[in-house]
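full-length UniProt numbering numbers the first residue of the sequence shown as 1 and each following residue consecutively. Note that the Cβ used here is the ideal one computed from N, Cα and C, for glycine as well.
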Amino acid sequence: MAGFRGIWALVSTQGASSASGAGGQSLASEEREIIEGMRAGDDRAFERLVRVHIGPLHAVALRLLKNDADADDIVQEGFLSAFRNFDSFRGDARLKTWLHRIVVNAALQRLRRSKSRAGQQADVVDVTELLPRFADNGYPEHFHQPWVQTIEELATRAETREQVRQMIDKLPDNYRTVLILRDIEELDTSETAELLELSPGTVKVRLHRARQALRNLLERELELTANA
């Protein structure tokens with residue numbers, strides 16, 4: 001197989017392909033062909049892998065890192081890792097999930113390093129302080145309407161879009177990542193659990209707590225804005 005940099009340069013200058021598959025080909029059959037080609041050392045298979053997955057991978061990296069240059073670096077690092085270590089892909093997970101795991105883990109590592117250097121952890125809230133509190137009679141101290149909108153739906157409202165982004169950024173990484181993958185990237189529980197190497201139950205608990213914390217943060221922010 002030719003060098004990674006040459007293939008990457010070719011693909012990155014020509015752009016990504018449609019996610020629907022070449023010529024109407026199903027994603028499942030295209031994925032099988034890519035896997036077989038990669039295992040056979042076919043350069044064209046790696047080109048197809050990049051074209052199909054670069055868009056979604058860049059989107060999730062950008063949501064996690066909030067910086068185009070950092071997202072570009074992480075995605076390139078992710079594809080380089082996949083290129084060098086494709087023999088480790090056993091097929092237990094979908095190719096998409098395997099690639100997402102590489103990029104998400106790399107993005108989280110960079111986040112931890114950058115926050116450690118910049119001392120940004122002070123901006124992260126304590127989620128436990130934002131969860132419902134219960135009175136002595138066992139009932140919640142405050143009642144909320146059920147959460148019926150996804151974060152993505154809420155973020156489409158111009159008046160709250162920036163607040164949503166800012167409040168999501170205040171969540172600890174283990175909650176923020178689950179929230180982004182489930183409510184923004186729209187992965188299902190099993191995909192998110194597999195990607196983050198968590199149990200589905202843990203994903204559900206973290207998502208529930210992240211939504212509650214985000215709701216309380218937003219209510220505080222909107223109340224402050226209204227009273228300003």
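Open item on the list: I'd like to know whether the C-beta atoms of L218 and V164 end up nearer to each other than 8 Å.
Closed with: yes
- [ ] Could you tell me which of L196, A69, F86 sits nearest to F46, measuring between CA atoms?
- [x] F86
Task: Three-state secondary structure assigned by DSSP to N174 - done: helix
Open item on the list: Does E31 pass the burial test, meaning 16 or more other C-beta atoms within 10 Å, or should it be called exposed?
Closed with: buried
Task: I34 and L49 closer than 8 Å at C-beta - done: yes
Open item on the list: My output table needs one value for F89: the three-state DSSP class, helix, strand or coil.
Closed with: coil
Task: Rounded straight-line distance, which links the Cα of G78 to that of V103 - done: 5 Å
- [ ] Could you say if the segment 165 to 176 and the segment 206 to 215 meet the contact criterion of at least three C-beta pairs nearer than 8 Å?
- [x] yes
Open item on the list: On the criterion of 16 or more Cβ atoms from any shown chain inside 10 Å, does E185 qualify as buried, or is it exposed?
Closed with: buried
- [ ] Look at the alpha carbon of P200 and the alpha carbon of T189, and state the distance between them as a whole number of angstroms.
- [x] 6 Å
TODO: Return helix, strand or coil for D43, following the three-state DSSP convention.
DONE: helix
TODO: Return the chain-ordered list of same chain residues with a C-beta closer than 6 Å to the C-beta of H53, the five sequence neighbours on each side being excluded.
DONE: L99
Open item on the list: For a test of the three-state rule: what should DSSP assign to R182, helix, strand or coil?
Closed with: helix
TODO: Inspect the beta-carbon positions of L195 and L181 and report whether they are closer than 8 Å.
DONE: yes
Task: Rounded separation between A210 and D183 - CA only - done: 11 Å
- [ ] Return the chain-ordered list of same chain residues with a C-beta closer than 7 Å to the C-beta of A106, the five sequence neighbours on each side being excluded.
- [x] I74, E77, G78
Open item on the list: Within a Cβ cutoff of 7 Å, which residues of the same chain sit near R44, ignoring the five residues on either side of it in sequence?
Closed with: G37
Open item on the list: Considering Cα atoms alone, identify which of E221, V205, A82, E162 is closest to G41.
Closed with: A82
- [ ] Measure the C-alpha to C-alpha separation of R112 and D70 and round it to an integer number of angstroms.
- [x] 13 Å
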